[in-house]
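Asker: First the structure, then my questions, so here it is.
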Amino acid sequence: HTQGGSLWLSVTVEDLGPDAPPLKISVTSDLHIGGVILKVVEKTGLQQDWSDHALWWEQKQQWLLKTSWTLDKCGVHADARLIFSTQHKPLRLGLPNGVILRLRASFSIPVFRTVQGICRVLNIRHPEELSLLRPVEEKKKKKDKNSTEDEYDLTNVPLTSDSPKTEAAYKMLSVCQPSPSPESVAKLYRPASKVDKTHIHTRWLDSSRSLMQQGIQENDKLWLRFKYYTFHDVEPKYDAVRLTQLYEQARWAILLEDNDCTEEEMMLFGALQYHIGKLSLSQEVGSCQGMEDLESALKSLEVKMVGENNSTDMLVRAIYNDWPRRLTLRDYKQYWFKFQDTSIFYYKSKEDSYGEPIQQLNLKGGEVTPDVNIAGQKFCIRLLIPVPEGMNEVYLRCENEKQYAEWMAACKLASKGLTLLDSSYRTEVKNIQTFLSMQRSNSSASTPQTDESINTQSLVSPRYNKKYKVKQLTPRILEAYQNVADLSLTAAILKFLQIWQSLPDFGISYFMVRFKGSRKDEVLGIANNRLIRIDLGVGDVVKTWRYNNMRQWNVNWDIRQVAIEFDGNINIAFGCTTADCKIVHEYIGGYIFMSTRSRETSDTLNEELFHKLTGGHNAL
Numbered sequence: 001h002t003q004g005g006s007l008w009l010s011v012t013v014e015d016l017g018p019d020a021p022p023l024k025i026s027v028t029s030d031l032h033i034g035g036v037i038l039k040v041v042e043k044t045g046l047q048q049d050w051s052d053h054a055l056w057w058e059q060k061q062q063w064l065l066k067t068s069w070t071l072d073k074c075g076v077h078a079d080a081r082l083i084f085s086t087q088h089k090p091l092r093l094g095l096p097n098g099v100i101l102r103l104r105a106s107f108s109i110p111v112f113r114t115v116q117g118i119c120r121v122l123n124i125r126h127p128e129e130l131s132l133l134r135p136v137e138e139k140k141k142k143k144d145k146n147s148t149e150d151e152y153d154l155t156n157v158p159l160t161s162d163s164p165k166t167e168a169a170y171k172m173l174s175v176c177q178p179s180p181s182p183e184s185v186a187k188l189y190r191p192a193s194k195v196d197k198t199h200i201h202t203r204w205l206d207s208s209r210s211l212m213q214q215g216i217q218e219n220d221k222l223w224l225r226f227k228y229y230t231f232h233d234v235e236p237k238y239d240a241v242r243l244t245q246l247y248e249q250a251r252w253a254i255l256l257e258d259n260d261c262t263e264e265e266m267m268l269f270g271a272l273q274y275h276i277g278k279l280s281l282s283q284e285v286g287s288c289q290g291m292e293d294l295e296s297a298l299k300s301l302e303v304k305m306v307g308e309n310n311s312t313d314m315l316v317r318a319i320y321n322d323w324p325r326r327l328t329l330r331d332y333k334q335y336w337f338k339f340q341d342t343s344i345f346y347y348k349s350k351e352d353s354y355g356e357p358i359q360q361l362n363l364k365g366g367e368v369t370p371d372v373n374i375a376g377q378k379f380c381i382r383l384l385i386p387v388p389e390g391m392n393e394v395y396l397r398c399e400n401e402k403q404y405a406e407w408m409a410a411c412k413l414a415s416k417g418l419t420l421l422d423s424s425y426r427t428e429v430k431n432i433q434t435f436l437s438m439q440r441s442n443s444s445a446s447t448p449q450t451d452e453s454i455n456t457q458s459l460v461s462p463r464y465n466k467k468y469k470v471k472q473l474t475p476r477i478l479e480a481y482q483n484v485a486d487l488s489l490t491a492a493i494l495k496f497l498q499i500w501q502s503l504p505d506f507g508i509s510y511f512m513v514r515f516k517g518s519r520k521d522e523v524l525g526i527a528n529n530r531l532i533r534i535d536l537g538v539g540d541v542v543k544t545w546r547y548n549n550m551r552q553w554n555v556n557w558d559i560r561q562v563a564i565e566f567d568g569n570i571n572i573a574f575g576c577t578t579a580d581c582k583i584v585h586e587y588i589g590g591y592i593f594m595s596t597r598s599r600e601t602s603d604t605l606n607e608e609l610f611h612k613l614t615g616g617h618n619a620l
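Residues 1 to 620 (UniProt numbering) make up the sequence shown, in order.
The following block contains the structure:
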């Protein structure tokens, strides 16, 4: 209602209680937001700290944070319903290790910055790798209906600075949790297919909008998870919580079958969990036992980018297949292979290797993943080879472990632009051989070891619990345990993460889309360096496109379509079937942003660049 050039605003003040009527404030349209707040505070008559309060415009679902703007500039009229509310509110936060924290988080700034504040309290560096998502509903039995979860209350901890009150939480978050019971695992949601996995990723919050704008209310429960699988600049002295939570997220990905793995890998995962659990129980609370060897362990896992690009030959008899559709031994053909610089050449026979090759495969910029089954003596290497229109998929099958380790190391180095003469080649071969030996049964061991404290069913996914009895699983896990029993706590955690990251489907987030010109839905996989088009019917990879060949991408918000242009006049466009296009767009831009980080600038974060890359239109 306006009268005499002024208007009456209706402002609800939360601090007056839920039953208090809205205050009626007489203002003029040229009054700034700060002036409105002053009038509201005066009318309440309450003497308290109002510094965290701000006006929330209910109809528009937005905060009025620019206190120097006038009501007219903000577009606020007499019919506006305003709420005078605190910007920081309690939030129930589920962490990867299953712990529920209750803490105060900002509901008024973009989620990207809210996560930064949360990670500052929890002592987790590189918060840009994490985000918030709505939790998946758990299956509850009738008798569990009234059960409540244990929560740790940190609502009195300020988000703006370090606080000694977080010490207890830090200790609790930096120690790995005991293995979950099979019953608790069975209650949790397990994706049965790639379609199921597409539903999980629709739950991520928009990083550019506030919690309040996305319908999150005080005391709501959200999950804090690693969203981008690019773990940058791990420092042993500062990353105890970050590594522990990363391990917990990886462990649940295995137990809930979010990542597929072979039986040997599952037994090794089980053995490492058992070992980590034993060491965590003996670990003095608050100490960082084993952290001193983390740096050396990391160094041994990294491929050093050194050496000159010299060339050498590596001749071997190998088996080749150019498409992985339901491979059997009969699908492979035997050729003579030659490795030179960063390329593989192959010929019909050794005698033909002095002439022209059948084909040259340049691995630089490609993807290399293992496909190994030790029990079945299967030692395969999966290669994604860059070509102008995307990526071609190639499988190599090696004859034995030794050949596999040498070729796998050579391929990994070649994908990074390094050759066999690089100083890290021998180290890489040794790491791969060690990795294989951990999965191999220790046939020289005498009677299978027994340990009454091991809860085998808590260490493997439900699929293997159904397939094997406890008396079958226990000896196999303890056999694998003998290969890792000498590892320190942090070395064991790193080994678990290394195996996890080597799985073929590691770090791929799935979305249901429909490509332009297609009549059926397909699955789009988004990884840290590429997009993957997957046929929904048979699950085959149809095409792969790499980000470093991307020229620009944008979103047509009217038709909810993402359009991407690659080098060589390659253009693709797709609409999002289940998720918001903003989530898909943010994933792509977020990964490109992650690739811009370097060790030299690891302590600073270009937030403006992140929002630019995850916004509405981008060119590279």
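Quick reminder that beta carbons are idealized off the backbone N, C-alpha and C, glycines included.
May I have the straight-line CA-CA distance separating proline 191 from asparagine 259, to the nearest angstrom?
Answerer: Each residue's Cα considered, the two are about 10 Å apart.
Asker: I'd like the span of the beta strand (DSSP E) that includes aspartate 153, first residue to last.
Answerer: Start and end: 151-154.
Asker: Which residues in the same chain have their Cβ closer than 8 Å to the Cβ of phenylalanine 506, if we skip the five residues on either side of it in sequence?
Answerer: Counting only Cβ-Cβ distances below 8 Å, and skipping sequence neighbours, we find Tyr229, Asn259 and Trp500.
Asker: How would you label aspartate 558, buried or exposed, when you count the other beta carbons within 10 angstroms and need 16 or more for buried?
Answerer: Answer is exposed; the Cβ neighbour count stays below 16.
Asker: Note down the Cα distance separating histidine 88 from leucine 281, rounded to an integer number of angstroms.
Answerer: Cα-Cα distance, rounded: 36 Å.
Asker: Within the UniProt domain "PH" (317-416), note down every full alpha helix (DSSP H) run reaching 4 residues or more, in order along the chain.
Answerer: Qualifying alpha helix (DSSP H) stretches, in chain order: 401-415.
Asker: Under 8 Å by Cβ, that's how I've got glycine 270 and leucine 487 pegged, so tell me the actual separation to the nearest angstrom.
Answerer: Not quite, the Cβ-Cβ distance comes to about 15 Å (not below 8 Å), so this is no contact.
Asker: Let me confirm a value: serine 415 is counted as buried when at least 16 other C-beta atoms fall within 10 Å, else exposed. Which label applies?
Answerer: Serine 415 comes out buried.
Asker: Taking the DSSP output, what are the residues bridged to tryptophan 8?
Answerer: DSSP output for tryptophan 8 lists Ser26 as bridge partner(s).
Asker: DSSP three-state label for glycine 94, please.
Answerer: Here glycine 94 sits in strand by DSSP.
Asker: Extract the residue ranges of the alpha helix (DSSP H) inside the region 226-293, only unbroken runs of 4 or more that lie entirely within it.
Answerer: Listed in chain order, the complete alpha helix (DSSP H) runs (minimum 4 residues) inside the region 226-293 are 240-255 and 263-282.
Asker: Looking at the structure shown, is tyrosine 591 part of a helix, part of a strand, or coil, going by DSSP?
Answerer: Helix, per DSSP.
Asker: Between which two residues does the beta strand (DSSP E) harbouring histidine 53 extend?
Answerer: Per DSSP, histidine 53 belongs to the beta strand (DSSP E) from 53-57.
Asker: Helix or strand or just coil, what does DSSP make of lysine 197?
Answerer: The answer is helix: DSSP assigns lysine 197 an H, G or I state.
Asker: Would you decide whether glutamine 334 is buried or exposed? Buried here means 16 or more other CB atoms lie within 10 Å of its CB.
Answerer: Result: exposed.
Asker: Just verifying my parser: in three-state terms, what is the DSSP assignment at glutamate 137?
Answerer: In the structure shown, glutamate 137 sits in coil (DSSP, three-state: anything other than H, G, I, E or B).
Asker: Alpha carbon to alpha carbon, how far is valine 195 from lysine 348? Give it in angstroms, no decimals.
Answerer: Whole-angstrom Cα-Cα distance: 41 Å.
Asker: Hey, how far is the Cα of tyrosine 468 from the Cα of lysine 187?
Answerer: Spanning the two alpha carbons is a distance of roughly 20 Å.
Asker: Quick one: is leucine 243 near chain D, going by C-beta distance under 8 Å?
Answerer: Protein chains in the displayed structure number just one, and chain D is not present.
Asker: Who are the near neighbours of isoleucine 109 in its chain, counting only those whose CB is closer than 7 Å to its CB and skipping five residues on each side?
Answerer: For isoleucine 109, where only same-chain residues beyond five positions count, the Cβ hits under 7 Å are Ser210.
Asker: Rounded to whole angstroms, what is the Cα-Cα separation between aspartate 233 and arginine 125?
Answerer: Going by the C-alpha atoms only, they are around 9 Å apart.
Asker: Would you kindly work out how many angstroms separate the C-alpha atoms of alanine 405 and leucine 531, rounded to a whole number?
Answerer: So the two alpha carbons sit approximately 28 Å from each other.
Asker: With glycine 366 and isoleucine 381 assumed to form a contact (beta carbons below 8 Å), what rounded beta-carbon distance in angstroms separates them?
Answerer: 11 Å between Cβ atoms; not a contact.
Asker: What are the partner residues of alanine 573, as DSSP defines its beta bridges?
Answerer: Note: alanine 573 sits in a beta bridge opposite Ala563.
Asker: Does DSSP put lysine 304 in a helix, in a strand, or in coil?
Answerer: Residue placement at lysine 304 is poorly supported in this model, since its pLDDT is 26, which falls under 50; the coordinates still yield a value, given next. In this structure, lysine 304 counts as coil in the three-state DSSP scheme.
Asker: Roughly how many angstroms separate the alpha carbons of residue 625 and glutamate 479, rounded to a whole number?
Answerer: This structure cannot speak to residue 625, because the chain is shown only from 1 to 620.
Asker: For isoleucine 276 and isoleucine 477, which I take to be in contact (beta-carbon distance under 8 Å), what is that distance rounded to the nearest angstrom?
Answerer: About 13 Å; that fails the 8 Å criterion.
Asker: With DSSP run on the structure shown, which of helix, strand or coil describes tyrosine 481?
Answerer: Reduced to three states, the DSSP call for tyrosine 481 is helix.
Asker: Can you tell which of Gly94, Lys338 and Arg203 has its C-alpha closest to the C-alpha of residue 622?
Answerer: Residue 622 is absent from the structure shown; the chain starts at 1 and stops at 620.
Asker: Give the straight-line distance between the Cα atoms of threonine 578 and valine 513, rounded to the nearest whole angstrom.
Answerer: Distance between the alpha carbons of threonine 578 and valine 513: 8 Å.
Asker: At the level of alpha carbons, what is the spacing between leucine 383 and phenylalanine 435?
Answerer: Going from the Cα of leucine 383 to the Cα of phenylalanine 435 covers about 20 Å.
Asker: Would you give the residue range spanned by the alpha helix (DSSP H) that valine 40 belongs to?
Answerer: Run containing valine 40: 33-44, per the alpha helix (DSSP H) assignment.
Asker: Mapping DSSP to helix, strand and coil, what is glutamate 218?
Answerer: Coil, per DSSP.
Asker: Which of helix, strand or coil does DSSP assign to lysine 66?
Answerer: Lysine 66 falls in the coil class under three-state DSSP.
Asker: Going by Cα to Cα distance, which pick from Gln249, Met550, Tyr425 and Lys227 is closest to valine 115?
Answerer: Nearest of Gln249, Met550, Tyr425 and Lys227 to valine 115, Cα basis: Lys227.
Asker: Just grab the DSSP bridge partners of valine 523 for me.
Answerer: Paired residue(s): Met512 and Ile534.
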